[in-house]
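A.B. asks:
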Amino acid sequence: MNFADLKPSELRREIRAGCWRSPTAGLAPGYVQANLVVLPKRDAFDFLLFAQRNPQACPVIDVTDPGSPVPERVAPGADLRTDVPKYRIYRQGILEAEVTEITAYWREDLVAFLLGCSFTFESALMAAGIPVRHIEEGKNVPMFITNRQCVPAGIFRGPMVVSMRPIPVELVVRAVQVTSRFPGVHGAPVHLGNPQQIGITDLSKPHFGDAVSVRPDEIPVFWACGVTPQAVAMEAKPELMITHAPGHMFITDLKDEELSIF
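Quick note on our numbering: the sequence shown kicks off at 1 and runs consecutively.
Have a look at this one:
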């Protein structure tokens with residue numbers, strides 16, 4: 001079976017059945033992928049405010065009703081407890097487990113947030129002739145914790161996480177133009193070039209995901225990343241936060257162009 005050819009609902013069915021447990025980059029081209037954050041209702045408003053204050057790192061595309069695992073706006077009939085390839089469970093800021101479903105963890109007071117993911121604009125990058133190295137190399141995108149602090153809200157505070165894609169020098173401006181069309185999935189890069197300026201000392205040692213090759217004619221380009229809430233969880237230490245495992249996204253029924261501004 002060629003998973004890349006499946007529609008979002010078909011992919012979610014395969015994920016629910018345990019047939020896909022890998023990163024989702026390159027799947028469902030043309031459809032929006034999303035980061036997942038699940039919190040108790042008592043922390044949900046603080047997180048919504050945090051996301052509103054940090055829209056580039058945490059662009060909200062859907063929020064469920066308390067106790068409901070169904071993202072009615074972006075994938076009616078889906079189940080956020082089973083339709084993500086891998087999840088992470090954080091308690092008091094400590095990573096407790098990585099699991100393949102969260103049915104046993106689900107509670108009636110839980111609220112799920114879906115945040116735009118940069119995997120969404122990768123189809124547009126490739127259509128513009130811009131290479132996406134982690135897809136070429138069959139890896140997860142490299143992600144790094146930076147020295148840039150998010151704007152705090154309530155209990156939530158912490159550093160921005162970025163994803164990195166090496167881009168040929170002559171295509172950097174085009175990459176900025178292409179991704180700027182998609183503010184709902186992180187938009188334009190937050191940094192170009194020297195990684196040390198944002199606190200990254202070694203591109204071969206990402207905090208999340210896999211290292212990828214950077215060629216002599218390329219520069220590293222960094223986009224805000226929806227793994228930011230996981231770094232925030234480690235610092236803010238909420239009672240419980242459930243997330244996707246980095247790179248293992250929820251695939252929605254939304255088309256990319258629905259989040260494009262032009």
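Where a beta carbon is used, it is the ideal one built from N, C-alpha and C, also for glycine.
Between the C-alpha atoms of residue 220 and residue 157, what's the straight-line distance to the nearest angstrom?
C.D. replies: Residue 220 and residue 157: Cα-Cα distance of roughly 26 angstroms.
A.B. asks: Consult DSSP for residue 41 and reduce its assignment to one of helix, strand or coil.
C.D. replies: In the structure shown, residue 41 sits in a helix (DSSP, three-state: H, G or I).
A.B. asks: Would residue 144 and residue 260 be called neighbours here (beta carbons separated by less than 7 angstroms)?
C.D. replies: Taking 7 angstroms as the Cβ cut-off, residue 144 and residue 260 do not qualify as a contacting pair.
A.B. asks: Determine, using beta carbons only, whether residue 41 and residue 23 come nearer to each other than 7 angstroms.
C.D. replies: Cβ distance not < 7 angstroms, so residue 41 and residue 23 don't count as in contact.
A.B. asks: Alpha carbon to alpha carbon, how far is residue 251 from residue 78? Give it in angstroms, no decimals.
C.D. replies: So the alpha carbons of these two residues sit roughly 10 angstroms apart.
A.B. asks: Please determine if the region 223–242 and the region 193–205 are in contact, where contact requires at least 3 C-beta pairs separated by less than 8 angstroms.
C.D. replies: Taking 8 angstroms as the limit for Cβ pairs, the verdict is that the region 193–205 does not touch the region 223–242.
A.B. asks: According to the neighbour-count rule (16 or more other Cβ atoms, all chains shown, within 10 Å of its Cβ), is residue 113 buried or exposed?
C.D. replies: It is buried - the Cβ of residue 113 has at least 16 other Cβ atoms within 10 Å.
A.B. asks: In the DSSP output, which residue or residues are listed as bridge partners for residue 47?
C.D. replies: Bridge partners of residue 47: none, in fact.
A.B. asks: Determine the closest residue to residue 165 out of 147, 213 and 87, with distance taken between C-alpha atoms.
C.D. replies: It is 213 whose Cα lies nearest to the Cα of residue 165.
A.B. asks: State whether the region 16–33 contacts the region 120–138, with contact taken as three or more CB pairs (one from each stretch) at a distance under 8 angstroms.
C.D. replies: Contact holds: three or more Cβ-Cβ distances are below 8 angstroms.
A.B. asks: Between the alpha carbons of residue 11 and residue 185, how many angstroms are there, rounded?
C.D. replies: Those two C-alpha atoms are separated by around 20 angstroms.
A.B. asks: What does DSSP give as the partner residues of residue 255 in its beta bridges?
C.D. replies: Answer is 31, bridged to residue 255.
A.B. asks: Once the 5 residues before and after residue 74 are set aside, which same chain residues still bring their CB inside 8 angstroms of it?
C.D. replies: Same-chain partners within the cutoff: 32, 34, 61, 62, 114, 252, 253 and 254.
A.B. asks: Which runs of the alpha helix (DSSP H) at least 4 residues long sit entirely within the region 160–202? Give them in chain order.
C.D. replies: Fully enclosed alpha helix (DSSP H) runs of 4 or longer: 172–180.
A.B. asks: The alpha helix (DSSP H) that contains residue 231, what's its start and end?
C.D. replies: Where residue 231 is concerned, the enclosing alpha helix (DSSP H) stretches over 228–236.
A.B. asks: Measuring alpha carbon to alpha carbon, tell me which residue in 20, 229, 124 and 207 is nearest residue 101.
C.D. replies: Closest by alpha carbon: 20.
A.B. asks: If you count every other CB in all the chains shown that lies within 10 Å of the CB of residue 347, and 16 or more means buried, which is it?
C.D. replies: The question about residue 347 has no answer here: the residues shown for the chain are numbered 1 through 262.
A.B. asks: Could you give the residue range of the alpha helix (DSSP H) that holds residue 16?
C.D. replies: It spans 8–16 - the alpha helix (DSSP H) in which residue 16 sits, taken as one unbroken run.
A.B. asks: How would you label residue 122, buried or exposed, when you count the other beta carbons within 10 angstroms and need 16 or more for buried?
C.D. replies: Counting Cβ neighbours within 10 Å, residue 122 comes out buried, since at least 16 surround it.
A.B. asks: Of the residues 180, 248 and 59, which one's Cα is nearest the Cα of residue 87?
C.D. replies: Here the closest residue by C-alpha is 248.
A.B. asks: Considering Cα atoms alone, identify which of 71, 76 and 179 is closest to residue 111.
C.D. replies: The residue with the shortest Cα to Cα distance from residue 111 is 71.
A.B. asks: Is residue 161 near residue 231, with beta carbons less than 7 angstroms apart?
C.D. replies: Result yes, Cβ atoms of residue 161 and residue 231 sit closer than 7 angstroms.
A.B. asks: By the three-class DSSP mapping on this structure, what secondary structure does residue 149 have?
C.D. replies: Residue 149 falls in the strand class under three-state DSSP.
A.B. asks: Going by DSSP, name the residue or residues bridged to residue 220.
C.D. replies: Bridge partners of residue 220: 166.
A.B. asks: Is it true that the region 42–52 meets the region 139–155, where meeting means three or more beta-carbon pairs spaced less than 8 angstroms apart?
C.D. replies: As far as the Cβ criterion goes, the region 42–52 touches the region 139–155, which means the pair count is three or higher.
A.B. asks: Beta-carbon within less than 8 angstroms of residue 189's beta-carbon, same chain only, minus the 5 sequence neighbours each way: which residues are those?
C.D. replies: The answer, listed in chain order, is 175, 176, 179, 221, 222 and 223.
A.B. asks: For residue 243, which of 37, 211 and 203 has the nearest alpha-carbon?
C.D. replies: Taking only the C-alpha atoms, the option nearest residue 243 is 37.
A.B. asks: Check whether the Cβ atoms of residue 15 and residue 85 sit closer than 7 angstroms, and answer yes or no.
C.D. replies: It is a contact, given that the beta carbons lie within the stated cut-off.
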